[in-house]
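What follows is a set of notes on a single structure, which appears directly below.
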Amino acid sequence: MNPEQASSINPRTQQDEGASLALLYLRASEIHTYLDLDDVLHRVLMATIGAMDTPHGSLFVFDDSGNITQRLVIKNRQVQEKEDIPVDVVVEKGLAGWVIRNQQGAVVTNTAQDERWYSRADEPPPRAAVAAPLQTRNGVIGVLTLVHDIPGYFSQSDLAMLTVIADQATTAVVNARLYQAEQRRSQLVEQLQAAEMRYTRLFEDNTDMLLIFDNEGKVLDANHKACEALHRDRDSLIGSYVSALDDELRTQFDSSLPGWRAGQEIVFEVDLPVTPERITPVEFRTRRIDYGGADGIEWSGRDISSRREVEQLREDLTNMLVHDMRGPMGNLVNAISTIPLVLGEMPSDSPVTQLVDIALRSGQQMQDLIDSMLDVSRLEQHEVPLNRTQAEVDVLLRAVEDQLDSMARARQVELNFEVQGETPMAWIDQDMIRRVLVNMVTNAIKYSPRHGQVDVVASEQEGCLNFSVTDEGPGIPAEYQWRIFDKFARVQVKDAASGVGLGLAFCRLAVEAHGGRIWVESTPGQGSTFLLTLPLIEPLHSPHEILKEGTEGAESQQR
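Residue numbering for the sequence shown follows my numbering, starting at 762 and increasing by one per position.
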């Protein structure tokens, strides 16, 4: 059927079409007053069906990816809640798909004879259809389609009018989308503002000091507690630099900056001069954060005066108890050592000799523990002069092995001691380093499983005497590895051995007094290796001078 035939069949006159177009413009102006997209689509399609006097129609709207976001189908002037036809297939293979691909409207005079129409198995008798795209500069965003039961009902003038309607619908859809986007943006802004208010309240009301710096050390923000502790009002504090707050804070900032940039959380303690008469100890937990889209460094500081007081009380009590134990323990060891003199010489395999030997070893171990506990606080104050003498490394290791051999056998742990290569004589406090090694090996034995193995290796490299103690225990989690050398620190490991947490603290202080360094390398489930290194020095200075220089050297290595 050609356009002339279709026009002759069309029951509407040009006058009817003009009246319909005028009516449509009136309804289009009404459509633009609605901003709800579903409401807009319903009014557009109903107005179009009414203006063009047709019973059926559909309106599909797509997103930028070509997916259907809204769909409305009307049959016999009734909105269809559910459509039996797969909409995606109709859009892909039917007239709507042709309009999208060609970005132009189309008139189908007979649906049974036009390839552009998607025919179903239950397709009704031949009908007429007309479709126009909803088109923007970026492409087609929708398709408006009308269907009439009379073939040839629609003409090119109908297509022209439908194109005008589609343009009106495009504007309405775009406006509705903009409105929805603005609504979403407003909601997000409100949510963001609410979140900022909650953050501000939490920030201000926090009982800890909160400071935020940039990478140059400038204060970006501070809460009330920080202003109070630093005796600065917020306006003068924000914009100032960490160097203007405290020299120790500036030193900590400079040394920690590489760690923050690597994503580490860094914890440190400083003594803040709150007033000329009072110093407040503060523990800062610091980390890099996103602050307004830029890098920021958050410092959360907590007054630890109460904790320090408890630690001091615990330390004083420990020192008092240990000091009172030292005399009786010494008398006990001396008494045991005189037993062989009283009883006379006895065979080495006799039960009495073995019991005396066990008692002497245990007594020596107790004396070492008492001396180490007393030395912890004195070493912190640099009050322990080193009694340095020339020491042979293999003799030192044999002394450690003799002291701990019975403990290892009782726990069914194999001890292996090895000196790699030739090691020179070491100018050290032999008793102190022996106690360090005894502590390290004792820990390794305690944490080793039955039938496990502990390897102790000594070597010399680049002017340093190195020791390593490796066990097959449960390993130490990374978050504890930097803390285990602190006083009273305990590793939270299942079935861990009991103790007060002073052994490794003594080890660290004793090694640092020699100018050395001690650390641990461990992977949970794969055992641990404790390592210490001592600089080999010539016997040129007095013991006290060596202690002072060694401690300063260790501190500079840590910094």
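Here a beta-carbon is modelled for each residue, glycine too, at the ideal position from N, C-alpha and C.
Beta-carbon separation (whole angstroms), residue i vs residue j, contact threshold 8 Å
i     : j     : result
P1034 : I1065 : Contact doesn't hold; Cβ gap of about 16 Å is too wide.
I1131 : M1186 : Actually they are not in contact, since the Cβ atoms of I1131 and M1186 sit about 29 Å apart, beyond 8 Å.
L1031 : L1010 : Sequence check: residue 1031 is Val here, not Leu. Yes, V1031 and L1010 are in contact; Cβ-Cβ is about 6 Å, under 8 Å.
G1062 : E1044 : 7 Å
E1240 : Q1214 : Actually they are not in contact, since the Cβ atoms of E1240 and Q1214 sit about 27 Å apart, beyond 8 Å.
Whole-angstrom distance between residue j and residue i, CA atom to CA atom
i     : j     : result
L857  : S947  : According to the sequence provided, residue 857 is Ala. The question's Leu does not apply to it. Distance between the alpha carbons of A857 and S947: 35 Å.
A937  : L798  : 5 Å
Q841  : D800  : 15 Å
R898  : L833  : 24 Å
T931  : V925  : 10 Å
L1140 : L953  : 54 Å
V950  : G1277 : 57 Å
E1233 : Q1181 : 21 Å
N863  : V869  : 15 Å
A1266 : K1207 : 17 Å
P816  : V904  : 17 Å
D919  : E943  : 36 Å
V935  : I902  : 9 Å
A890  : G827  : 23 Å
D928  : Q896  : 7 Å
L1165 : N976  : 51 Å
K836  : V860  : 21 Å
D1192 : M1201 : 14 Å
P886  : R945  : 46 Å
H1275 : A1219 : 17 Å
A1152 : L1102 : 30 Å
N967  : Y940  : 40 Å
L971  : R1196 : 43 Å
N1095 : C1268 : 26 Å
I735  : F974  : Residue 735 cannot be examined here, being either before or after the span of the chain that is shown, 762 to 1320.
A980  : P1300 : The sequence as given places Val at residue 980; Ala does not occur at that position. Computed Cα separation, rounded: 50 Å.
I829  : V822  : 6 Å
S1111 : L1104 : 12 Å
E1027 : R1046 : The identity of residue 1027 in the sequence shown is Ile, whereas the question assumes Glu. Answer to the nearest angstrom: the Cα atoms are 6 Å apart.
D969  : D1247 : 24 Å
S1109 : S1167 : 16 Å
Assigned exposure category for residue i - 16 Cβ within 10 Å defines buried
i     : result
T1099 : exposed
M958  : exposed
T1203 : buried
V1071 : exposed
W1188 : buried
A1205 : buried
D1155 : exposed
P1238 : exposed
D1190 : buried
G1224 : exposed
W1060 : buried
V1113 : exposed
R1149 : buried
R804  : buried
R1022 : exposed
D824  : exposed
L1226 : buried
T809  : buried
E1273 : buried
V1145 : buried
Identified DSSP bridge partners for residue i
i     : result
W1188 : Q1151
R832  : F821
F974  : V980, I1058
I1279 : L1293
S1229 : V1218, L1292
Y1002 : K979
I1027 : T1047
G903  : V822, L895
A889  : H909
N1177 : D1216
V868  : V891
Q839  : K836
R1063 : E1044
Y1052 : A1055
Proximity test, residue i beta-carbon vs the ligand ATP heavy atom, cut-off 7 Å
i    : result
Q944 : Because no ligand of any kind appears in the structure shown, any question about the ligand ATP cannot be addressed here.
Proximity test, Cβ basis, 8 Å: residue i and chain D
i    : result
R945 : Within the model displayed, chain D is absent; a lone protein chain is all it includes.
Do the stretch 1112-1120 and the stretch 1142-1162 meet, that is, are 3 or more Cβ pairs less than 8 Å apart? no
Contact between the stretch 1017-1029 and the stretch 981-992 (3+ Cβ pairs under 8 Å): no
For the stretch 903-914 and the stretch 867-879, state whether three or more C-beta atom pairs, one from each stretch, are separated by less than 8 Å. yes
Taking contact to mean at least 3 C-beta pairs separated by less than 8 Å, is the stretch 1219-1233 in contact with the stretch 1286-1301? yes
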